[in-house]
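Sequential numbering of the sequence shown, starting at 1, is according to full-length UniProt numbering. Notes to accompany the following structure.
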Amino acid sequence: MTPVTVDVTTYDDLLARARAGALGPDPAARRISAAFTTRQAVRHAGRGTGYRNEVLSLRLAEAVGSCAVEPGALPDSAVEDCVGADVARLLEHPLPPVRVAALDAYLMHVTPHLPDHGAEAVPLPAGTSLEKSRARARAVVELLDLPSGATVLVVGVVNSLLEALRSRGLGYVPCDLKGGATEWGEAVVTDALAAADRCDALLVSGMTLGNGTFEPLRRLALRQGKQLVTFAQTGSAVLPRLLGSGVSAVCAEPYPFFWLDGGAGTVHRYRAGRPGGAR
1 MTPVTVDVTT
11 YDDLLARARA
21 GALGPDPAAR
31 RISAAFTTRQ
41 AVRHAGRGTG
51 YRNEVLSLRL
61 AEAVGSCAVE
71 PGALPDSAVE
81 DCVGADVARL
91 LEHPLPPVRV
101 AALDAYLMHV
111 TPHLPDHGAE
121 AVPLPAGTSL
131 EKSRARARAV
141 VELLDLPSGA
151 TVLVVGVVNS
161 LLEALRSRGL
171 GYVPCDLKGG
181 ATEWGEAVVT
191 DALAAADRCD
201 ALLVSGMTLG
211 NGTFEPLRRL
221 ALRQGKQLVT
231 FAQTGSAVLP
241 RLLGSGVSAV
251 CAEPYPFFWL
261 DGGAGTVHRY
271 RAGRPGGAR
């Protein structure tokens with residue numbers, strides 16, 4: 001399947017083009033064969049705090065698209081709404097996470113994570129949950145092109161990412177809608193846009209696609225000329241399409257995620273300007 005190359009500049013533009021069939025085959029002719037949620041709670045050995053995840057995933061042929069949500073936020077009816085539905089209908093679903101997961105599945109089907117599409121495969125070794133979390137964090141942080149002493153706004157707090165930033169001599173401002181504190185007792189801010197002015201770059205979770213906070217961050221990065229690197233379990237096939245339109249690099253991690261399996265895995269890195277990119 002040869003993807004159609006169409007320049008897009010915003011998430012909403014990408015969604016509209018997909019609905020119109022401008023990015024590949026008619027979405028009304030593609031149906032979701034399986035819909036499921038993945039729920040987990042984790043506390044890595046040696047860490048004092050844990051976290052919970054909930055992810056909606058949709059299977060389209062060989063592809064799986066996903067969108068993370070706050071635990072308990074997704075109604076049980078969402079899965080029943082999605083299974084057997086055509087992609088075009090789900091791209092207009094009233095729930096934003098369903099739209100994101102449907103778009104992710106469609107784009108994964110059209111443009112899988114392959115070198116011809118600009119993807120660099122980075123292996124994650126087998127190991128404990130903490131070992132794999134740290135390996136993933138190193139793969140993400142290596143995408144930041146910053147001198148020691150620079151400060152990064154981290155939107156979507158992952159303690160292993162903060163640890164990896166410190167190991168490179170980078171400062172950070174942790175930000176999450178839930179607030180709270182990091183593993184090391186640092187206050188987590190809740191207003192990303194307010195904190196961005198005092199940071200040199202943005203490191204942003206793909207989960208922002210589903211909760212509606214991504215676009216303001218993308219526009220800010222574009223306007224201020226700051227790097228915006230995303231770590232994407234949510235929208236792993238969506239965010240590479242926005243490279244060069246405010247997104248400078250993506251670490252894409254499609255389902256199954258590193259926290260689901262102790263075996264070896266793979267993440268896929270994209271950089272703006274790389275030949276064959278997923279635009």
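Cβ coordinates follow ideal geometry from the N, Cα and C atoms, glycine included.
{"query": "Continuous alpha helix (DSSP H) stretch holding G265: start and end", "result": "Where G265 is concerned, there is no enclosing alpha helix (DSSP H), although the beta strand (DSSP E) it sits in stretches over 265 to 271."}
{"query": "Alpha-carbon spacing of D176 relative to A22, whole angstroms", "result": "34 Å"}
{"query": "Pick from A20, V83, V98, A61 that is closest to residue 288, judged by C-alpha positions", "result": "Only positions 1 to 279 of the chain appear in this structure, which leaves residue 288 out of reach."}
{"query": "When G171, A194, R168, V158 are compared against T182, the one with the closest alpha-carbon", "result": "V158"}
{"query": "Whole-Å CB distance - P141 paired with L161, under 8 Å assumed", "result": "In the sequence as presented, Pro is not what sits at residue 141; that position holds Val. Contact flag correct, Cβ pair sits at about 7 Å."}
{"query": "Run of the beta strand (DSSP E) containing residue 282, from where it starts to where it stops", "result": "Given that the chain is displayed from residue 1 to residue 279, the structure contains no residue 282 and the question cannot be resolved."}
{"query": "CB contact flag (A28, A88, <7 Å)", "result": "yes"}
{"query": "Collapsed DSSP secondary structure at E80 in the structure displayed", "result": "helix"}
{"query": "Strand pairing of T151, partner residues [DSSP]", "result": "G171"}
{"query": "C-alpha distance - A139 paired with P96, whole-angstrom precision", "result": "28 Å"}
{"query": "Euclidean distance between Cα positions of P256 and Q224", "result": "35 Å"}
{"query": "Closest residue to K178 among P25, A192, Q40 (Cα-Cα distance)", "result": "A192"}
{"query": "Q233 - DSSP class collapsed to helix/strand/coil", "result": "coil"}
{"query": "Among F258, P94, G65, nearest to S129 - alpha-carbon criterion", "result": "F258"}
{"query": "L60 versus M108 - alpha carbon distance", "result": "9 Å"}
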